[in-house]
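Just so we're aligned: the sequence shown equals residues 265 to 656 in the working numbering.
Every residue gets a Cβ at the ideal spot worked out from N, C-alpha and C, and that includes glycine.
Computed from a predicted structure; not experimentally measured.
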Amino acid sequence: MPEEGTQAADEIAQRGDRSYNPGMASKQGKAEFRRDLLRWFDQNARDLPWRRTRDPYAIWVSETMLQQTRVAVVIDYYTRFMERFPTLASLAEAKESEVLAQWSGLGYYRRARALHESARAVMAEHDGKIPGVAAELARLPGVGVYTAGAVASIAFGECVAAIDGNVERVLTRYFGHEPVPGAARSGELRRNAEELVDPDRPGAFNEAMMELGATLCLPRAPLCLTCPLRQGCATRGEHSVPRARKMLSREIGRVLIQRRQWPRTEVLLDQRPADAPQMPCFWELPQIREGREIKEAALLTLRHSITNTNYYVTVYGLNSNEQKLLSESHGERAWVPVRDLQGRPLTGLTLKILRRLKVMPGYSGRGPAIALDEVAPDADLEFELAVPENAT
Ligand code: SF4
Numbered sequence: 265m266p267e268e269g270t271q272a273a274d275e276i277a278q279r280g281d282r283s284y285n286p287g288m289a290s291k292q293g294k295a296e297f298r299r300d301l302l303r304w305f306d307q308n309a310r311d312l313p314w315r316r317t318r319d320p321y322a323i324w325v326s327e328t329m330l331q332q333t334r335v336a337v338v339i340d341y342y343t344r345f346m347e348r349f350p351t352l353a354s355l356a357e358a359k360e361s362e363v364l365a366q367w368s369g370l371g372y373y374r375r376a377r378a379l380h381e382s383a384r385a386v387m388a389e390h391d392g393k394i395p396g397v398a399a400e401l402a403r404l405p406g407v408g409v410y411t412a413g414a415v416a417s418i419a420f421g422e423c424v425a426a427i428d429g430n431v432e433r434v435l436t437r438y439f440g441h442e443p444v445p446g447a448a449r450s451g452e453l454r455r456n457a458e459e460l461v462d463p464d465r466p467g468a469f470n471e472a473m474m475e476l477g478a479t480l481c482l483p484r485a486p487l488c489l490t491c492p493l494r495q496g497c498a499t500r501g502e503h504s505v506p507r508a509r510k511m512l513s514r515e516i517g518r519v520l521i522q523r524r525q526w527p528r529t530e531v532l533l534d535q536r537p538a539d540a541p542q543m544p545c546f547w548e549l550p551q552i553r554e555g556r557e558i559k560e561a562a563l564l565t566l567r568h569s570i571t572n573t574n575y576y577v578t579v580y581g582l583n584s585n586e587q588k589l590l591s592e593s594h595g596e597r598a599w600v601p602v603r604d605l606q607g608r609p610l611t612g613l614t615l616k617i618l619r620r621l622k623v624m625p626g627y628s629g630r631g632p633a634i635a636l637d638e639v640a641p642d643a644d645l646e647f648e649l650a651v652p653e654n655a656t
């Protein structure tokens, strides 16, 4: 009887896959991988707020926020979100606009809507108890294979893989596979990942893989010399590096109009229509009428990056009697009290402008607002700006 994995290694060798790491196919190879990885993680894991709990709801929130977004950006959003919605029931009872307001600036707003919808589904269909296995979690609205695996393994101890972009990169390099977008969803990489998960500590194993990808096995310059997996790694830095994306440039104008309605100050905002293809119902600063440029009224210029486009934004300060310079609103246009802004879903760009101009404070008085440039630039699900019609 051949040892487990030897046969698989032989089969792959016969297929001519020279990149396969045969040591991994054996029981011993897997055990060493787990041991080295977990030992490193136990000594180096970052102290993150969602790692101080095993509450499935809190872990679910954090894993949803962490998709496509860096840890440094998520920490403040997660903390505020959990203060506002400390339980699944409190999230389920909230209005969607309240949930989106807490998510404003984090991007990928479809995640927030799906999380909210799923919270309601759990309350209605599961008696308020989050399902404890990945297969059931994945049936909830907007819960993908990754999130289901992460929550099931970390909160409930199910032995299932959770493969995000970081983990996919580690596995691809470790096994010497050619990088193929989406490879983690099926095929050999997925099988490799499922076989590797530590049955005794599946949650810690998955967190360790994510941590390794986020802190050592970096996209462009991996820190292989300090990597606990370097002995068995097939590439150790000798891998193809994804080419940097070519960014497009666009210039646009936004307008800040404030008025004093004693005792309060108000800001003029447009709300996107409910059927808008991107960010429906979000509030934003009005746009300047096309072709208008009022140099003397420019308050600020800034760059705002979304997917593969850098938007160079000029913000004009106008008086309330100059509204004829604004482009037409496609939804509601309203004067919003400054003190109510925190409770409204604002587009990321609007939030950024209002904070830079000190119309709004930073996060809950906890230091400066996070620079929204830090939000993952490869947001391809939703756009925060209406792309001009003549954009190519
Ligand atoms: S040795 Fe280098 S390439 Fe291999 S897994 Fe570690 S950091 Fe990544």
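Reduced DSSP secondary structure (H/G/I, E/B, other) of Pro601: Your numbering for residue 601 matches position 337 in the sequence shown. Per DSSP, reduced to three states, the secondary structure at Pro601 is strand.
Sequence-distant residues of the same chain with beta carbon closer than 6 Å to Asn430, five excluded per side: By 1-based counting over the sequence shown, the position of residue 430 is 166. So the qualifying residues of the chain are Met474, Gly477, Ala478.
Residue burial classification, Leu605 (beta-carbon count within 10 angstroms, cutoff 16): Within the sequence shown, the letter at position 341 stands for residue 605. So Leu605 counts as buried.
Of the residues Tyr372, Gly406, Trp324, Leu435, the one placed nearest Pro350, counting alpha carbons only: Stepping through the sequence shown from its first residue, residue 350 is reached at position 86. With distances taken between Cα atoms, Pro350 lies closest to Trp324.
Any non-hydrogen atom of ligand 1 within 7 Å of Val434 CB: Within the sequence shown, numbered from 1, the residue matching residue 434 stands at position 170. Here the distance from the Cβ of Val434 to the nearest heavy atom of ligand 1 is below 7 Å.
Assigned secondary structure, Ile558 (DSSP; H/G/I helix, E/B strand, else coil): Here residue 558 is taken as the residue at index 294 of the sequence shown, counted from 1. DSSP places Ile558 outside both helix and strand once states are collapsed to three, so it counts as coil.
For Ser628, the three-state DSSP class (helix, strand or coil): As a working note, residue 628 is residue 364 in the sequence shown. A caution first: Ser628 carries a pLDDT of 43, below 50, which makes its placement in the model unreliable, though a value can still be read off. Annotated three-state conformation of Ser628 is helix, per DSSP.
Through-space distance from His390 to Ile570, alpha-carbon basis: Taking the sequence shown and counting its residues from 1, one reaches residue 570 at position 306. Taking the sequence shown and counting its residues from 1, one reaches residue 390 at position 126. Taking the straight line from one Cα to the other gives about 38 Å.
Nearest candidate by alpha-carbon position, reference Ala211, set Asn572, Glu502, Val531: The shown model of the chain, from 265 to 656, leaves out residue 211, and the question about it has no answer.
Under the three-state DSSP convention, the category Ile516 falls into: Taking the sequence shown and counting its residues from 1, one reaches residue 516 at position 252. If DSSP states are grouped into helix, strand and coil, Ile516 belongs with the strands.
Cβ pair Ala600, Val531 closer than 8 Å: The residue given as residue 600 occupies position 336 in the sequence shown. The residue given as residue 531 occupies position 267 in the sequence shown. Per the sequence shown, the amino acid found at residue 600 is Val instead of Ala. Contact check for Val600 against Val531 passes: the beta carbons are separated by less than 8 Å.
C-alpha distance - Gly595 paired with Glu362, whole-angstrom precision: Here residue 595 corresponds to residue number 331 of the sequence shown, with the count starting at 1. Here residue 362 corresponds to residue number 98 of the sequence shown, with the count starting at 1. Each residue's alpha carbon lies about 19 Å from the other.
Residue from Val434, Arg316, Arg315 whose Cα sits closest to the Cα of Cys497: Along the sequence shown, one-based indexing puts residue 497 at 233. That would be Val434, whose Cα lies nearest to the Cα of Cys497.
DSSP-derived helix/strand/coil call for Ile427: To locate residue 427, count along the sequence shown from 1; it is residue 163. The answer is coil: DSSP assigns Ile427 none of H, G, I, E or B.
Glu653 burial status per 10 Å Cβ neighbour count (16 or more: buried): Reading the sequence shown from its first residue, position 389 is the one you call residue 653. Legend: pLDDT at Glu653 = 31, less than 50; position of this residue unreliable, no value from coordinates given.
Contact the stretch 550-558 vs the stretch 511-525: 3+ CB pairs below 8 Å: The stretch 550-558 vs the stretch 511-525: in contact.
Touch test, the stretch 310-328 against the stretch 289-302, Cβ-Cβ under 8 Å, three pairs minimum: Taking a cut-off of 8 Å on C-beta distances, the stretch 310-328 does not touch the stretch 289-302, as fewer than three cross pairs fall below it.
Pick from Glu471, Pro463, Ile418 that is closest to Trp304, judged by C-alpha positions: Here residue 304 is taken as the residue at index 40 of the sequence shown, counted from 1. Minimum Cα distance to Trp304 is reached at Glu471.
Continuous beta strand (DSSP E) stretch holding Asn574: start and end: In the sequence shown, counting from the first residue as 1, residue 574 sits at position 310. Its beta strand (DSSP E) spans residues 573-582.
Distance cut-off 7 Å: Arg214 Cβ against heavy atoms of ligand 1: What is shown of the chain runs 265 to 656, which leaves residue 214 out entirely.
Residue of Val397, Gly408, Gly406 minimising C-alpha distance to Ile418: If you number the sequence shown from 1, residue 418 lands on position 154. Nearest option by C-alpha distance: Val397.
Contacting residues, own chain, Cβ-Cβ under 7 Å from Gln366 (five flanking each side not counted): The count along the sequence shown starts at 1 and reaches residue 366 at position 102. Excluding sequence positions up to five before and after Gln366, its CB lies within less than 7 Å of the CB of Arg344, Phe345, Arg348, all in the same chain and listed in chain order.
The stretch 480-490 touching the stretch 328-345, judged by at least three CB pairs closer than 8 Å: They do not touch, by the three-pair rule.
Val386 burial status per 10 Å Cβ neighbour count (16 or more: buried): The count along the sequence shown starts at 1 and reaches residue 386 at position 122. Per the 10 Å Cβ criterion, buried.
heavy atom of ligand 1 below 7 Å from Gly501 C-beta: For the purposes of this step, residue 501 is taken as the residue at position 237 of the sequence shown. At least one heavy atom of ligand 1 is found less than 7 Å from the C-beta of Gly501.
Proximity below 8 Å, CB of Leu512 to CB of Ala598: Translated into positions along the sequence shown, residue 512 becomes position 248. Translated into positions along the sequence shown, residue 598 becomes position 334. Cβ atoms of Leu512 and Ala598: not closer than 8 Å.
Closer than 8 Å to chain C by CB, Arg536: Checking the listed chains, one finds no chain C in this structure; it contains a single protein chain.
Nearest to Tyr373 (by Cα), restricted to the options Glu592, Cys545, Asn583: Taking the sequence shown and counting its residues from 1, one reaches residue 373 at position 109. Comparing C-alpha distances from Tyr373 to each of Glu592, Cys545, Asn583 shows the shortest one belongs to Cys545.
Contacting residues, own chain, Cβ-Cβ under 8 Å from Ala309 (five flanking each side not counted): Taking the sequence shown and counting its residues from 1, one reaches residue 309 at position 45. Correct list, in chain order: Arg315, Glu471, Ala472, Glu475.
Buried or exposed (CB count within 10 angstroms, at least 16 for buried), Arg227: Nothing about residue 227 can be reported from this structure: the residues present for the chain run from 265 to 656 only.
Run of the beta strand (DSSP E) containing Leu533, from where it starts to where it stops: Here residue 533 refers to the residue found at position 269 of the sequence shown. The continuous beta strand (DSSP E) containing Leu533 extends over residues 528-535.
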